[in-house]
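Shown next, in structure tokens, is the structure this report addresses.
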Amino acid sequence: MCPHQEIELVEGEFDGKVLTCKAHLWQFDCHNGEGINPSDCRIAQYPVKIEGEEVFVDVEGVEPFKSHS
Ligand code: FES
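Numbered according to my numbering, the sequence shown spans residues 1 to 69.
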């Protein structure tokens, strides 16, 4: 979930390190959740498991960071 306006980041662009939200192009470093643009935000971190070409994200018990406008 994007901390800007709560758009699902699954629809964003991912280059293997940087995740870009499709809505207003905020960017996040997926290695640590830190905001790149802007730098004063972050996304929550979740356990991830990769099986073949599928990525499984365990969202249980982790609340997404919200709001920053
Ligand atoms: S909702 Fe993601 S950048 Fe605005």
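Beta carbons: idealized from backbone N, C-alpha and C, even for Gly.
- Message: Using a Cβ-based criterion (distance less than 8 Å to any ligand heavy atom), does Leu-19 qualify as near ligand 1?
- Response: no
- Message: Applying the 10 Å Cβ sphere with the 16-neighbour rule, what's the burial state of Gln-45?
- Response: exposed
- Query: DSSP beta-bridge partners for Leu-19?
  - Reply: Phe-14, Phe-28
- Item | Per DSSP, the bridge partner or partners of Glu-34 | Arg-42
- Message: On the CB-based measure, 16 or more other CB atoms within 10 Å of its CB, does Pro-38 come out buried or exposed?
- Response: exposed
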